[in-house]
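Taking my numbering, the leading residue of the sequence shown gets 1, the next gets one more, and so forth.
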Amino acid sequence: MIESSSRWIVENPTNSDAKIELNISTIVKELLIKRGIYNTEEARKFLEPKLEDLHDPFLFPDMEKAIERIEQAIQNRERILVFGDYDADGVTSTSLLVEALREKDAYVDYYIPNRFTEGYGPNEAAFRQAKLAEVSLIITVDTGIAAVHEANVAKELGIDLIITDHHEAQEELPNAYAIIHPKLANTYPFDELAGVGVAFKLAHALLGELPLHLIELASIGTVADLVPLKDENRIIVYYGLKALTSTQRPGLKVLKELSGISGTVTEEHIGFGIGPRLNAVGRLQDATVAVELILEDDMEIATEMAEEVDRLNEERQKLVGDIANEAKKIITDNHFDQQSVLIVAQEGWNPGVVGIVASRLVNTYNKPAIVLGIDAEKGIAKGSARSIPAFNLFENCLEVKDLFVSFGGHSQAAGMTLTIENVDKLRDALNQIASEKLTAEDFIPITPIDMKVDMGTVSMETIEEVEKLAPFGMGNPKPIFQFEQEIPNEIRQIGSKLNHLKMNFQKDGTLIDVIGFGKGGIFHELSSKSKVALVGELGINEWNGRKKMQIMLKDLMVKEWQLFDYRGSKHSVKQLAENLDDRSIVALHFKPLDSEDLWMNETFQCCQIEDFLTRNMEVEELFIVDLPTEIEELEKALSRISPKKIYVYFKTSKQSFLSQLPTREHFKQFYAFMMKQKELKVQDRLRFAHSRGWSKDFVDFIIKVFLELQFVKIDNGNLIYNPNPIKQDLTEASTYQVKQKEIIAEKVLYYSTYDELKTWFSEHMKASNLEEAVLNGL
């Protein structure tokens with residue numbers, strides 16, 4: 001048995017009246033319904049995104065007013081400042097709008113605040129600096145909707161302020177010249193645009209036509225900002241990825257190369273390659289270089305900039321790793337891992353990366369995590385929080401809002417500043433709240449499953465149809481399927497460090513590989529004959545022109561107890577010992593361990609059968625060292641336990657001989673020989689054995705039985721025939737009886753097939769067995 005590492009939740013369609021009449025598989029229809037697509041026209045638009053389905057930018061109430069003011073500034077050669085943000089969405093928003101304005105021959109510059117010295121969003125000092133530079137129009141991108149004070153400062157300075165943003169609006173809106181915000185525009189049909197998506201709409205209105213040459217920038221920010229990939233966002237990313245695949249922008253070309261991106265660009269290339277590199281700049285320093293990289297026309301200069309960006313990303317990765325390790329040590333040393341909410345704080349931690357560290361802690365412990373960098377001089381702790389679905393950070397932190405200097409965010413992520421002396425108070429308060437609201441189940445991660453699929457029904461065509469749902473992302477996650485129990489043809493570890501798992505299945509003529517990255521350790525937990533249930537993503541692996549179906553493994557479980565068959569394989573037993581991960585395996589042995597097996601005492605909880613039967617042991621994993629003298633001994637042991645795993649070694653010596661007992665005819669032949677010869681020198685018994693084609697052990701066993709029954713005796717090294725023995729049956733000899741039992745044990749336990757042996761164990765284990773055990777996800 002292997003428990004799943006997460007709860008498997010199959011999400012059922014929300015609309016039973018949905019009707020999609022397209023020539024697509026039932027699987028894809030169900031996936032569309034789960035994504036809120038209920039009719040044929042919606043499905044066609046989703047599967048075949050078209051640029052003409054992008055909405056008219058002038059549906060924003062203030063768009064016409066904003067464009068008139070920008071056109072006026074261009075005509076009068078006024079200085080325009082694009083005020084952006086330091087993340088990938090803000091950087092691409094800034095680059096996109098600056099480029100559009102330059103195309104209109106505007107007198108434009110841009111400004112991105114420094115995360116460390118200015119913080120997020122517009123600030124008064126920057127606006128006053130802009131006034132000194134004779135700026136008369138500021139356009140914010142991906143920021144500004146909360147800048148109530150700064151808008152008033154702009155008005156005081158005689159600067160017109162146009163705000164384009166997509167973040168949540170506060171109770172009071174800024175007194176700006178114009179606001180372009182999808183959530184505030186009742187006349188605009190889509191309210192989930194990223195910051196760069198709003199900038200793209202402004203550029204569309206400004207240029208008078210759809211700026212397809214800017215859509216690759218819009219796609220980067222849209223994917224990186226994790227907005228739902230539906231409606232306009234889906235169209236932007238769909239066509240933006242095509243543009244990125246063949247981009248001629250020097251900065252993006254070099255970034256792709258440094259990210260190892262070749263061929264068709266996917267949303268994952270942005271999410272794991274381009275996006276993190278653009279984000280890294282603003283996390284460590286001024287993000288201006290990221291904008292310069294995107295706007296640079298010279299390949300040589302762009303290469304230098306991209307290499308600097310890549311270096312900063314590597315530095316960011318190392319910094320995140322170092323802080324994460326320090327945070328885990330603090331958690332372990334202080335036993336914070338026993339608490340429901342993890343809060344760690346330390347001086348010197350970079351506030352630009354603590355959000356990533358918090359995410360790592362959530363992934364490791366599956367608990368809400370807050371990571372704070374301490375500024376001892378100012379007496380404050382500043383950082384970020386990430387959460388699990390069951391714990392709403394925003395609502396729960398509002399209950400203790402008096403502990404914060406500042407706080408903002410949403411249910412799963414937040415940023416905060418508090419005084420150093422309030423860190424412990426926050427830890428106590430949030431853990432008290434969590435103890436009242438959370439259950440043990442809430443700390444088990446959830447794997448949402450789109451549907452259960454029979455592995456034998458999967459085809460290349462099915463997978464290709466599923467891939468038409470791409471690009472995947474928020475609101476349109478990559479489909480996850482559950483595959484019920486099947487026995488793999490092959491299980492092995494792969495990778496230079498053997499840290500990945502590969503399985504191969506065959507059912508109803510379907511061949512499919514399963515790849516589990518980072519799951520190589522499971523190899524030692526899986527018996528080769530166990531039925532495995534899987535959840536994962538369907539895909540196609542293409543190598544050297546050959547295509548193979550594969551499942552990218554997310555999680556697995558084995559619902560039944562597992563039998564590991566190491567009979568006759570000393571090497572496998574040594575491997576088992578080498579790969580123990582702090583597990584407690586009880587090693588049951590029926591005979592005393594010999595000298596070459598004493599190492600087992602250091603690896604297992606060794607227990608001889610007599611001791612085992614007198615103790616009330618909880619046994620999850622049982623290793624059986626040798627064969628019992630009689631099978632009833634093992635039956636008694638098994639009737640007391642319900643292990644999840646049983647490893648059978650059944651070590652036998654080379655002399656463990658008999659695949660069968662000598663028959664009565666064999667005994668009769670030897671008795672007739674002794675009756676005729678009267679005596680036999682003991683050393684001559686080998687000559688007799690060879691004359692009959694018997695082994696030494698075979699004839700010695702017959703002699704031992706005859707000695708016990710007093711049919712013969714030994715005198716001066718000679719075997720003497722007894723002419724007047726007491727009449728007894730062979731079965732009355734204890735030696736014969738013991739050997740009979742040994743042969744039965746040997747036959748049932750050692751010479752049985754795997755399936756026969758597993759059935760025998762199942763029949764003799766504790767009656768409750770594992771049928772009532774509750775697995776995650778069941």
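Note that the Cβ used here is the ideal one computed from N, Cα and C, for glycine as well.
What you are looking at is a predicted structure, and each value in this text was computed from that prediction instead of being measured.
Can the beta-carbon of residue i be found less than 8 Å from the beta-carbon of residue j?
i	j	result
I646	L622	yes
D191	K201	no
A203	L96	yes
E99	L214	yes
F481	V453	yes
A88	N279	yes
V371	A434	no
G520	G545	no
G273	G260	yes
I138	A106	no
D85	D17	no
Q605	A577	no
E11	I487	no
V535	K554	yes
G409	L393	yes
Y649	I609	no
Q485	K382	no
P49	I235	yes
E465	I24	yes
R316	L284	yes
F523	I512	no
Can you list, in chain order, the residues of its chain whose CB lies under 7 Å from that of residue i, leaving out five sequence neighbours each side?
i	result
V748	I631, W760
A306	G251, V254, L255, L258, L293
V237	S219, T222, V223, L229, E267, P471
F701	P662, K739
M675	Y721
L438	S340, A390, F391
Exposed or buried, residue i, counting other C-beta atoms within 10 Å across all chains shown (16 or more means buried)?
i	result
E232	buried
P592	exposed
D160	buried
R35	buried
H589	buried
T117	exposed
S530	buried
P57	buried
K19	exposed
M455	buried
Y751	exposed
Q575	exposed
G348	exposed
F517	exposed
E171	exposed
Q655	The pLDDT assigned to Q655 is 47, lower than 50, so where the model puts this residue is not dependable; a value taken from the coordinates is nonetheless given after this. So Q655 ends up on the exposed side.
K651	buried
W694	buried
R77	exposed
D729	exposed
I think residue i touches residue j, with their Cβ atoms under 8 Å apart; what is that distance to the nearest whole Å?
i	j	result
A358	S340	Not confirmed; about 15 Å, so no contact.
I331	L319	That pair is no contact at about 18 Å.
V135	R79	5 Å
L173	L54	In fact, because the Cβ distance is near 26 Å, the residues do not count as touching under 8 Å.
I112	A287	5 Å
L719	E679	6 Å
What does residue i pair with, by DSSP beta-bridge criteria?
i	result
Q317	Answer is none; Q317 lacks a bridge partner.
P448	I9
R386	A369, A413
K612	According to the sequence provided, residue 612 is Phe. The question's Lys does not apply to it. In DSSP, F612 forms no bridge with anything.
H500	I494
W349	W349 is not bridged to any residue.
W543	R546
D109	L81
Looking only at its chain, what residues have a beta carbon closer than 8 Å to the beta carbon of residue i, apart from the 5 residues adjacent to it on each side?
i	result
M765	W561, L638, S639, I641, S642, P643
C607	V586, A587, L588, H589, R615, M617
Quick one: residues in its chain with C-beta nearer than 6 Å to the C-beta of residue i, no 5 flanking neighbours on either side, listed in chain order?
i	result
K468	L47
A290	V91, L278, V281
E771	Low confidence applies here, because E771 scores a pLDDT of 42, under 50, leaving its location unreliable; read the following figure in that light. If we look at E771 and ignore the five residues flanking it on each side, it has no Cβ neighbours.
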